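FYI, numbering that gives the first Met the number 0 numbers position 87 of the sequence shown as 86, with every residue one higher than the one before it. Here the structure comes first, spelled out in structure tokens, and everything after it is commentary.
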Amino acid sequence: MAEHTSSSITIEATPAEVMAVIADFGRYAEWTGEVKQAEVLETDEQGRATQVRLVLDAGAIKDDHVLAYEWPEPNVVKWSLVKSQMLRQIDGSYSLAPVAGGKHTEVTYRLTVDVKIPMLGMIKRKAEKVIIDRALDGLKKRVESGAAS
Numbered sequence: 000m001a002e003h004t005s006s007s008i009t010i011e012a013t014p015a016e017v018m019a020v021i022a023d024f025g026r027y028a029e030w031t032g033e034v035k036q037a038e039v040l041e042t043d044e045q046g047r048a049t050q051v052r053l054v055l056d057a058g059a060i061k062d063d064h065v066l067a068y069e070w071p072e073p074n075v076v077k078w079s080l081v082k083s084q085m086l087r088q089i090d091g092s093y094s095l096a097p098v099a100g101g102k103h104t105e106v107t108y109r110l111t112v113d114v115k116i117p118m119l120g121m122i123k124r125k126a127e128k129v130i131i132d133r134a135l136d137g138l139k140k141r142v143e144s145g146a147a148s
């Protein structure tokens, strides 16, 4: 089983407000840091993205790839790799849990990345950690600034 990296952050907003920013792929380049371009390729009957093309520049990992998204619960989104130039695997998820009576949200980001080129596991985990930390920090700033609306 592949190793994964995960981290959590608390955001001063409701889970619905946080999920609205996570689901707005067209604006990812404005707050994620690593995502330079995002294009929704397919949506489900509820209008949620099910396939998204992302152009990623995360230092050690640069890629143009397509991810498949699943929305198994209102406060969970998961993704996995469809195709990539550089990646063999990318599986991730955001899980949102209400805290402070639902006024705040604990966001847990879990990520597993495997690249086609040889790379030490330690370097892959460091790249995952950088991606996660930047995404969580960017998400928190984006949601709390109110720029999502």
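The beta carbon of each residue, even a glycine, is placed where N, CA and C say it ideally should be. Computed from a prediction, not measured in an experiment: that's the story for all the values here.
Expressed to the nearest angstrom, what Euclidean distance is found between the alpha-carbon atoms of residue i and residue j?
i       : j       : result
Lys-115 : Gly-101 : 41 Å
Thr-49  : Tyr-27  : 16 Å
Ser-6   : Glu-44  : 31 Å
Val-76  : Lys-61  : 23 Å
Pro-14  : His-103 : 7 Å
Leu-55  : Ala-99  : 34 Å
Leu-135 : Ile-8   : 7 Å
Val-17  : Arg-87  : 29 Å
Val-81  : Pro-97  : 31 Å
Val-51  : Trp-78  : 10 Å
Ala-19  : Met-85  : 29 Å
Tyr-68  : Ile-21  : 12 Å
Leu-66  : Thr-111 : 13 Å
Could you check whether residue j and residue i sit closer than 7 Å to each other, using their CB atoms as the reference points?
i       : j      : result
Val-53  : Asn-74 : The displayed chain sequence assigns Leu, not Val, to residue 53. Their beta carbons are not under 7 Å apart, which means Leu-53 does not touch Asn-74 by this criterion.
His-64  : Ser-92 : no
Val-142 : Ala-12 : yes
Arg-47  : Trp-70 : yes
Closer than 6 Å: is that where the CB of residue i sits relative to any heavy atom of the ligand PLP?
i       : result
Val-112 : Ligands are entirely absent from the displayed structure, and the ligand PLP is therefore not among its contents.
Keeping to the same chain, check which residues put their C-beta closer than 7 Å to that of residue i; ignore five residues upstream and five downstream.
i       : result
Ala-57  : Glu-33, Ala-126, Val-129 and Ile-130
Arg-109 : His-3, Ser-5, Gly-91 and Ser-92
Ser-148 : Confidence at Ser-148 is low in this model, with a pLDDT of 48, below 50, so its placement is unreliable and no value can be given for it.
Gly-137 : Trp-30, Thr-31 and Gly-32
Applying the 10 Å Cβ sphere with the 16-neighbour rule, what's the burial state of residue i?
i       : result
Lys-154 : Nothing about residue 154 can be reported from this structure: the residues present for the chain run from 0 to 148 only.
Thr-42  : exposed
Ser-144 : exposed
Give every residue of the same chain whose Cβ lies closer than 6 Å to the Cβ of residue i, excluding the five residues on either side of it in the sequence, and list them in chain order.
i       : result
Phe-24  : Ala-37, Val-39, Ala-48 and Val-51
Arg-133 : Gly-32
Ignore the nearest five residues each way along the sequence and tell me which others in residue i's own chain have a CB closer than 8 Å to its CB.
i      : result
Lys-35 : Ala-28, Val-54, Leu-55 and Asp-56
Glu-72 : none
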